[in-house]
Amino acid sequence: MTDVVIDKVAEQAPDQEALRQEWVKTQFQKANRFLAEKGVIPNKVYADESRYLAPYLAIWKMDSKQPTKQTFWVMSGDLPSDYVDVKVAKTAREAMRHFSMMWQLKAENLHKSGATRDETQRKFANLLVSRAESLYKMHEDEKLWS
């Protein structure tokens, strides 16, 4: 019986890694698709500077070749996809804080403009606030960055 339990545990580790790799691949494709929808054609990813916290978020450092040569931080995962110029943050951690603050401001602007009278806009503003708060907590969590 003990051997069966040990075998099951040993099987789970490769399965978990395979699931994580599939999730990362899916998020990479999602980030590329998001940029393409914005008219940005990515041509390089800096994997060593990108970060993933499956199944919550991935933050990618990517170069584009069109419409101009530029480098971006791109966020994907269980949150709104978004991107910013790499100049706003030196690291993925700093970019995460930037997205957090930016989304708080976007949500506040939606509320101030009256757009949140529309149910869809209200839900979107609430989602931005929720995810911004989560991003900030992750940014502050030293265990995730050491």
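Read in order, the letters of the sequence shown are residues 23 to 168 in our numbering. Built from N, CA and C at the ideal position, the CB exists for glycine as well. These numbers come from a predicted model, not from an experiment.
Proximal residues to residue i (C-beta, below 6 Å), its chain only, five neighbours per side dropped
i, result
"Arg144", "Thr138"
"Ser72", "Trp82, Lys83"
"Glu39", "none"
Whole-number beta carbon distance between residue j and residue i, since they are thought to touch under 8 Å
i, j, result
"Ser103", "His161", "About 18 Å; that fails the 8 Å criterion."
"Leu75", "Leu132", "Incorrect: roughly 26 Å between the Cβ atoms, too far for contact."
"Lys128", "Leu150", "6 Å"
8 Å Cβ shell around residue i - same chain, five flanking residues per side excluded
i, result
"Ser86", "Leu57, Val62, Ile63, Pro64, Asn65, Gln92, Thr93, Phe94"
Backbone CA spacing between residue i and residue j [nearest angstrom]
i, j, result
"Ile81", "Ala147", "21 Å"
"Pro169", "Val110", "As displayed, the chain neither begins before 23 nor continues past 168, which places residue 169 out of reach and without an answer."
"Tyr158", "Ala53", "21 Å"
"Asp140", "Glu164", "38 Å"
"Arg115", "Asp70", "13 Å"
"Ser135", "Pro36", "50 Å"
Endpoints, the alpha helix (DSSP H) within which residue i is located
i, result
"Ala154", "141-162"
"Ala137", "Note, Ala137: premise wrong, no alpha helix (DSSP H); not H, not E."
Close beta carbons around residue i, own chain, < 7 Å, minus the five adjacent residues each side
i, result
"Asp107", "Gln92, Phe94"
"Gly99", "Gln49, Tyr78, Leu79, Ala80"
For residue i, the first and last residue of its enclosing beta strand (DSSP E)
i, result
"Asn70", "It should be pointed out that residue 70 corresponds to Asp in this sequence rather than to Asn. From DSSP, Asp70 is part of no beta strand (DSSP E); its letter is neither H nor E."
- Evaluate the contact criterion for the segment 47-66 versus the segment 92-103: three or more CB pairs, one atom per stretch, below 8 Å. They touch, by the three-pair rule.
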